[in-house]
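Residue numbers (the working numbering): 23 to 256.
C-beta atoms are modelled at their ideal positions from N, C-alpha and C, and glycine is treated no differently.
Notes follow once the structure below has been shown.
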Amino acid sequence: MTSTTKHKIAFVIFDCDGVLVDSEPIANRVFMEALNRAGVAITLSELFANYVGLSLEQGLARINQNYGVLLGNDFLVDYKVARDAALAEEIKPIAGVTDVISQLSLPYCVASNSEASKVEKMLSLTGLLAYFEGRIFSAADLGKPKPAPDVYLKIAAQFGVNPAACLVIEDTTTGVRAGVAAGMKVIGYAATTSAQALTEAGAFQVFKTMPEIQQSIIQLSAGTQSISERDGVL
Numbered sequence: 023m024t025s026t027t028k029h030k031i032a033f034v035i036f037d038c039d040g041v042l043v044d045s046e047p048i049a050n051r052v053f054m055e056a057l058n059r060a061g062v063a064i065t066l067s068e069l070f071a072n073y074v075g076l077s078l079e080q081g082l083a084r085i086n087q088n089y090g091v092l093l094g095n096d097f098l099v100d101y102k103v104a105r106d107a108a109l110a111e112e113i114k115p116i117a118g119v120t121d122v123i124s125q126l127s128l129p130y131c132v133a134s135n136s137e138a139s140k141v142e143k144m145l146s147l148t149g150l151l152a153y154f155e156g157r158i159f160s161a162a163d164l165g166k167p168k169p170a171p172d173v174y175l176k177i178a179a180q181f182g183v184n185p186a187a188c189l190v191i192e193d194t195t196t197g198v199r200a201g202v203a204a205g206m207k208v209i210g211y212a213a214t215t216s217a218q219a220l221t222e223a224g225a226f227q228v229f230k231t232m233p234e235i236q237q238s239i240i241q242l243s244a245g246t247q248s249i250s251e252r253d254g255v256l
């Protein structure tokens, strides 16, 4: 059964990597190079297809499972040093996202699978930190990384907002599934993940540009946009 209902959102939650900052290509390139040096023959396309959106710990666990290679603390330390150096030199905000944030009339925050310290550093490097100071939430630091919904539910509880009134902006299937599991509406940003994959993960809308997302937020905040529901699930 399919019906169409108007919904009004009251809170917006942004993912960080790939939604606020263009860190995904940089971090994954450095990760691939580190893995190759450690004897793991993996390509950048394989990383984007199977690892983007995971926390670092989740990614390493999957590497161990798929390649039989257990990477220790020395690998982590060396990778993080190389990653942070590359990010400091190359990272930029996602095109158009500053306009989305600066013109947003609703309360908002950022929820990432990265450590809060890394998120803060990336936002600082891209000039976005002033928008998110005091509103940075880390699923990794919480110990329940996406696709677990815990970080999203924590945000809803802390800000006293119904999860159903929250809108999540995500660019990976891992993040989309987390938002859906929390009972929130999710818009997919199809920059590094296909629109089809994001839709199949549960995103009710998928866009390729930030101006499109901005327009959708405006309509949803005003309650003028209809959302199709199937069997009561957005």
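Is the Cβ-Cβ distance between residue i and residue j less than 7 Å?
| i | j | result |
| --- | --- | --- |
| residue 201 | residue 190 | yes |
| residue 232 | residue 99 | no |
| residue 212 | residue 198 | no |
| residue 178 | residue 185 | yes |
| residue 168 | residue 196 | yes |
What's the gap between the Cα of residue i and the Cα of residue j?
| i | j | result |
| --- | --- | --- |
| residue 87 | residue 81 | 10 Å |
| residue 255 | residue 209 | With a pLDDT of only 29 at residue 255, under the threshold of 50, the placement of this residue in the model should not be trusted, and no figure is reported. |
| residue 31 | residue 243 | 5 Å |
| residue 163 | residue 143 | 15 Å |
| residue 151 | residue 58 | 33 Å |
| residue 239 | residue 245 | 10 Å |
| residue 237 | residue 180 | 27 Å |
| residue 187 | residue 206 | 7 Å |
| residue 34 | residue 127 | 10 Å |
| residue 156 | residue 130 | 11 Å |
| residue 109 | residue 83 | 23 Å |
| residue 78 | residue 95 | 12 Å |
| residue 97 | residue 48 | 18 Å |
| residue 234 | residue 119 | 11 Å |
| residue 117 | residue 40 | 11 Å |
| residue 101 | residue 225 | 32 Å |
Below 6 Å CB to CB, which residues in the same chain sit around residue i once its five sequence neighbours on both sides are set aside?
| i | result |
| --- | --- |
| residue 36 | 42, 132 and 191 |
| residue 175 | 204 |
| residue 194 | 74, 75 and 215 |
| residue 271 | Because the chain here runs from 23 to 256, residue 271 falls outside it and cannot be looked at. |
| residue 223 | 195, 198 and 199 |
| residue 145 | 151 and 154 |
Spatial neighbours of residue i within its chain, please: CB distance less than 7 Å, with the 5 preceding and 5 following residues excluded, ordered by chain position.
| i | result |
| --- | --- |
| residue 91 | 60, 61, 62 and 85 |
| residue 11 | Nothing can be reported for residue 11: it is not among the residues displayed for the chain, which extend from 23 to 256. |
| residue 137 | 160, 162 and 163 |
| residue 70 | 50 and 214 |
| residue 66 | 50, 51 and 54 |
Return the chain-ordered list of same chain residues with a C-beta closer than 8 Å to the C-beta of residue i, the five sequence neighbours on each side being excluded.
| i | result |
| --- | --- |
| residue 148 | 42, 43, 113, 114 and 115 |
| residue 104 | 52, 55 and 56 |
Which first and last residues belong to the beta strand (DSSP E) in which residue i is found?
| i | result |
| --- | --- |
| residue 227 | 227 to 229 |
| residue 134 | 130 to 134 |
| residue 189 | 188 to 192 |
| residue 160 | 158 to 160 |
Could you please give the first and the last residue of the uninterrupted alpha helix (DSSP H) stretch that includes residue i?
| i | result |
| --- | --- |
| residue 238 | 232 to 244 |
| residue 224 | Note, residue 224: premise wrong, no alpha helix (DSSP H); not H, not E. |
| residue 148 | It is not in any alpha helix (DSSP H) - residue 148 carries neither H nor E in the DSSP assignment. |
| residue 81 | 78 to 89 |
| residue 65 | No alpha helix (DSSP H) contains residue 65, which DSSP labels as neither H nor E. |
| residue 102 | 95 to 112 |
| message | Quick check for students: name the residue ranges of the beta strand (DSSP E) that lie wholly in the region 27 to 53, counting only runs of 3 or more. | response | For the region 27 to 53, the continuous beta strand (DSSP E) assignments of 3+ residues that do not extend past its boundaries occur at 33 to 36, in sequence order.
| said: Please give me, in chain order, every unbroken run of the alpha helix (DSSP H) with length at least 4 that falls completely inside the region 165 to 214. | reply: Segments of the alpha helix (DSSP H) lying fully in the region 165 to 214: 172 to 181 and 195 to 203.
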